[in-house]
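Enquirer: Quick one: structure below, then a few questions.
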DNA sequence: TATGAATGAGAATTCATTCAT
DNA sequence: AATGAATGAATTCTCATTCAT
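Right under this line is the structure:
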């Protein structure tokens, strides 16, 4: 083992049994991310994933019960990365403006992790368990945000049940918009200005109350 | 009563060659709708479809070039049915209220054709050509509606480009909402009241100008 | 039916039942020749042949018991054409020189009927009955020629049994040579000079006695 | 005794991974030889071959990219065996007599490997890549032999180009003769005496100069 | 734990032949 | 006699999973 490969593994000394195990599992996981991002779930055969990971096919089944189990873990894991990414890019402005920040950050994340979009969109049918988990994660966090905004007076007139519906609309809007506008000639691009402005108008007017000088939440 | 009108009436005694041909194609098509709606595109093998249709596998290839060709025809065909269905259920009220009618009609259509949702949602990956065709159909018609509303003064302050983005948001919203709320215990149900009200609030406030006594479009 | 198509059929007036029948059979036969010559027996599906002939698939079975029957008729029919063609191009010179004329004429025939080579060569495996018939036709005629030459004193020291072997050698030589030298860049070409001279040397010296002034056969 | 030498000896107790792998591939190869020899390439389906080999169909594709790849390897491999076989049976007599030895040895080889003839003859159409490879192998070696004979004075008056043509004639002659005379009632038999004598006369007189007391080549 | 050959159930598609009209 | 839709067996190839080493 060379120094550089040790460095890449994050360890400097020889790996013990547990670490080697985790390291192999990680290799398979990362390979799956790459493969699904590039070819989609349907083409993500165990053969392709293990080849990309540089391990034998049999090794796969030492770490995952079966192909589906891995596929179902893919989206939730990346989904959490996304939540962190967006949270870091959201400031303390008025709630309506924060929502626009989140919207933009979502598109930024797609550019950061181009595999995400495909993994997200196909998951509903190829990794339904993972998809559900992801959706619950996001919806829960999102509803909490809206509630907080309502508590701060930035939203009125929406019930908790309606929040849940709103959250699905916003997620759906993002999904369709990203599919439509994130790809130009095979490359992942930033959201066009008019897309952001349209989202801003719809959401700001439709969901939030007009911002006043002292209307900051938190 | 002519032979052809006999065929159309569903009460068939004897069909001529052309009618028999169309009838068989139709059987395959309907079987595919059923199968894809129930099992999804991935599981819609030619064997399954032809079995459902009650014809031999080889017969399939007398009517469709290959499996994909049929799959790509599925969504656009049903999509057009949907457009007609919604149009029939849309009155002449104020534009904002018409949009809510369309929203409700969409959910009604899903109950009418429960296969539609799955055929629509999976199409992006399993029948991309058909999906694109469908999306274009819908987006074009939808943008035209919004423009007319703007011309009638029911919408202001949105550009054509923004309309396109809005249309994708609305389609995305419907898609996610229908996935979340249309199924209860395996049955297709009507949209809950709070979903309709949330949509109504978001869209009415976000997209349209407040309705005045003389604010009808057209 | 137009005048020109009547002319093409070789008939000027309306065709009666028998003639129509023969005409259809002929169309199928010619189509098969074309198709096998271009794509080979293996790709000569009934669908392809009938399409080329401009008739329905079912029509095929009104004229031929099955696909194989037609294929087996192909080679013997053209083989007879070849025999006539070669015979017409053979003069009354010394037997050895006649053999060279036949050899050259064989290559000329290939250029005249470019389908022949493929039909001949593949027939052994795809139309074995027809192949055998053809081989018998040719061998019989060829042996007769050699016997006549022996009777005329142009060949000595070969028995009838040996003649049969010689004939197979000569046919084999032609077959391999034509495969090797008749195609250049997809086109059928004349036999190169050195091929003819090599054949001439081998056969003239190996089979015939040296030509004398009065050594003409016949 | 090493493991590998155990394998080579045919008496096998335990094979290691590499040996097992080679052993399986060999089983498939041998099965293909048998099947093609008996039924021809066209009937040599993967199902038939793997059944004959006693392995699962899927196993086939662990060892060969596809069906055609195997078929194209068949003839060149056996062709090399044939060359060795013939070379071993060729003495140091005069070149003309050596040629007769080779001719006889060819027929002996067919009796040794009865599958060869069919594998050879059909290859042109079913395994064209393998056929070309084989033909090149043989023609190259054959021309080299003729040149050596010319250098030794046993052949005069033939150019290199003519040699190539001669070689094709000899190969064609053998091919046709073997088809005609090697099978009697389903069994492979030796070449009849009159066939050998006819070949001997034609080639000895047609290609070589009369043998003198000191006319040995080499 | 890692390996990779072996498995066998299916997948899409082709095509000679039949047969009702 | 002509038609052409219907048939279904057979083909090649894929791939998740198993298991002996």
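Protein chains in written order, with full-length UniProt numbering: chain U, 1 to 218; chain H, 1 to 218; chain F, 1 to 218; chain V, 1 to 218. For each residue, glycine too, the CB sits at the ideal point set by N, CA and C. Remember, predicted model here, so these are calculated numbers, not experimental data.
#1: Count the other C-beta atoms from every protein chain shown that fall within 10 angstroms of the C-beta of residue 122/H, then say buried if there are 16 or more, exposed otherwise.
#2: Taking the C-alpha atoms as reference points, what is the distance between residue 143/F and residue 85/V?
#3: Could you work out which residue in 180/F, 94/F, 77/F and 97/F is closest to residue 135/F when comparing CA atoms only?
#4: Since I believe residue 22/F is in contact with residue 49/F (beta carbons under 8 Å), could you give me their beta-carbon distance rounded to a whole number of angstroms?
#5: Less than 9 Å between the beta carbons of residue 120/U and residue 182/U, yes or no?
#6: Identify, in the order they occur along the chain, each residue of the same chain with its Cβ nearer than 6 Å to the Cβ of residue 170/U, setting aside the five sequence neighbours on each side.
#7: For my contact list, residue 75/U and residue 153/U are in at a C-beta cut-off of 8 Å; report their separation, rounded to the angstrom.
#8: Tell me the DSSP bridge mates of residue 16/V?
#9: How about residue 127/F and residue 41/F: do their beta carbons lie closer than 9 Å?
#10: Check whether chain U comes within 9 Å of residue 198/H, counting only Cβ atoms and requiring the distance to be less than that.
#11: Report yes or no: is there a C-beta of chain U within less than 9 Å of the C-beta of residue 166/H?
#12: Relative to the C-alpha of residue 194/V, which residue among 161/F, 206/F, 203/F and 208/F is closest?
#13: Mind pulling the chain V residues with CB within less than 9 Å of residue 136/F?
#14: Could you confirm whether any beta carbon from chain H is found closer than 9 Å to the beta carbon of residue 113/U?
#15: Residues of chain H with a CB under 9 Å from the CB of residue 82/U: which are they?
#16: Please list, in chain order, all residues of the same chain as residue 228/U whose beta carbon is under 6 Å from its beta carbon, the five residues on each side excluded.
#17: Going along the chain, which residues of its own chain have a beta-carbon closer than 8 Å to the beta-carbon of residue 177/V, five neighbours each way excluded?
#18: Name, going along the chain, the residues of the region 116-132 of chain H whose beta-carbon falls closer than 9 Å to a beta-carbon of chain U.
#19: Starting from the beta carbon of residue 162/H, find every residue of chain U whose beta carbon is closer than 7 Å, and list them in chain order.
#20: Quick check on DSSP: helix, strand or coil for residue 113/H?
#21: Would you mind giving the Cβ-Cβ distance between residue 36/F and residue 44/F, rounded to the nearest angstrom? I have them listed as a contact below 8 Å.
#22: Given this structure, state the Cα-to-Cα distance separating residue 58/V from residue 34/V, to the nearest angstrom.
#23: List the endpoints of the continuous alpha helix (DSSP H) containing residue 60/U.
#24: State the DSSP-derived secondary structure class of residue 36/U, mapped to helix, strand or coil.
#25: Please report whether the beta-carbon of residue 189/V lies at a distance below 9 Å from any beta-carbon of chain F.
#26: Judging by CA-CA distance, which residue of 51/U, 188/U and 174/U is the nearest neighbour of residue 202/U?
#27: Out of curiosity, what's the CA-to-CA distance linking residue 1/F and residue 29/F?
#28: When the distance is taken between beta carbons, is residue 186/V closer than 9 Å to residue 204/F?
#29: Where does residue 157/H land, buried or exposed, given buried means 16+ other C-beta within 10 angstroms?
#30: What's the gap between the Cα of residue 55/H and the Cα of residue 67/V?
#31: Are the beta-carbon atoms belonging to residue 111/V and residue 101/V less than 9 Å from one another?
#32: Do you know offhand how far residue 52/U's Cα is from residue 27/U's?
#33: Would residue 179/U and residue 69/H be called neighbours here (beta carbons separated by less than 9 Å)?
#34: Quick check: the Cα distance between residue 211/V and residue 140/F, rounded to an integer number of angstroms?
#35: Between the Cα of residue 113/H and those of 189/H, 197/H and 99/H, spot the shortest distance and give me the residue it belongs to.
#36: Can you look up residue 187/V in the DSSP assignment and give me helix, strand or coil?
Expert: With the given structure in hand:
#1: buried
#2: 34 Å
#3: 77/F
#4: That belief does not hold up - the Cβ atoms of residue 49/F and residue 22/F are roughly 17 Å apart, past 8 Å.
#5: no
#6: none
#7: Not a contact, Cβ separation roughly 35 Å.
#8: In the DSSP output, where bridge partners are listed per residue, residue 16/V has none listed.
#9: yes
#10: yes
#11: yes
#12: 161/F
#13: Within chain V, no residue comes near residue 136/F; the closest Cβ sits about 11 Å away, beyond 9 Å.
#14: no
#15: Simply none; closest approach about 17 Å.
#16: No answer is possible for residue 228/U: it lies beyond the span of chain U, which begins at 1 and ends at 218.
#17: 191, 195 and 199
#18: 118, 121, 122, 124, 125 and 126
#19: 194, 197 and 198
#20: coil
#21: 5 Å
#22: 20 Å
#23: 57-63
#24: helix
#25: no
#26: 174/U
#27: Since pLDDT at residue 1/F reaches only 41, below the 50 mark, its modelled position is unreliable, and no value is offered.
#28: no
#29: exposed
#30: 32 Å
#31: no
#32: 9 Å
#33: no
#34: 34 Å
#35: 189/H
#36: strand
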